[in-house]
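**Q** So in full-length UniProt numbering, spot 79 of the sequence shown is number 79, and the numbers just go up one at a time.
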Amino acid sequence: MSGITLGDRPAPRPAGGFGLFLRRWAANPLQMGSVVPSSPALGRRIAALIDRQGDEVVVELGAGTGAISRELLAAGLPPERLVVVEIVPEMARHLARSLPGVTVVEGDAFALSEALPRALHGRIGTAICGIPLVLLPAEQQRRFVDAVESVAPGRGFLLYSYCVTSPLPYRKLGLTARREAWTPLNLPPASVWRYRPAG
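1. For residue 117, count neighbouring Cβ atoms within 10 angstroms of its own Cβ and tell me buried if that reaches 16, exposed if not.
2. Could you pull the start and end residues of the beta strand (DSSP E) that residue 179 belongs to?
3. Between the Cα of residue 71 and those of 109, 147 and 44, spot the shortest distance and give me the residue it belongs to.
4. What is the rounded straight-line gap between the Cα of residue 222 and the Cα of residue 181?
5. Does the pairing of the region 70 to 90 with the region 169 to 184 give three or more beta-carbon distances under 8 Å?
6. Thinking residue 60 and residue 68 are a contact (beta carbons under 8 Å), I'd like their distance in whole angstroms, please.
7. Take residue 33 and list the residues in its own chain whose beta-carbon comes closer than 6 Å to its own, dropping the five residues that flank it on each side.
8. Considering just the uninterrupted stretch of the beta strand (DSSP E) at residue 190, what are its terminal residues?
9. Looking at C-alpha atoms only, which residue of 148, 48, 162 and 75 is the closest neighbour of residue 186?
10. If we count the other Cβ atoms within 10 Å of its Cβ and call it buried at 16 or more, is residue 123 buried or exposed?
11. Can you name the residues that DSSP bridges to residue 127?
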């Protein structure tokens, strides 16, 4: 596990990561999923859907340049209750600089039991996924579902996607699915899906 945690500072800096986003998109379009960062409108929709009690945290997987993270903080999520996981070292460093007080983990969202500190296992209120899972083969989708279940048993996850229909074959993955939000103000328009373990 490689973690980067910043000390207390007043507020997140402005975005400023668009050039980084474009460079990463050019290097690996499938990893990014979109040619532009997520919009504030989408971030606000996601922020309204998070569920967190007491000392639970929100974990954002595939945080990119932090567009969604900033909206979560703007909506009132305390920085110390937000953990972002980003596999790309350059992006993880950018997140650590631009999100004061947030725990930034440079690690693999498909291996969360190793990436996240053990103290967080079972203390995740909401996991948010910005990874384009729809583009991945079924075995990788299964690996992701299992990774989330290993650290947030029974909680499932939110997935934002540009698909109108479910981006995951949820029944085959043993999940229930519900489209919780849609925003035409994102480019392209995006949906937010909530997946939970079935039964």
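Cβ coordinates follow ideal geometry from the N, Cα and C atoms, glycine included.
**A** Here's the rundown:
1. exposed
2. 175 to 183
3. 44
4. Residue 222 lies beyond the stretch modelled for the chain, which goes from 1 to 199, so this question has no answer here.
5. no
6. 6 Å
7. Any answer about residue 33 is weak, because its pLDDT of 45 lies below 50 and its placement is not dependable; what the coordinates show is given next. Around residue 33: 132.
8. 190 to 197
9. 162
10. buried
11. 59
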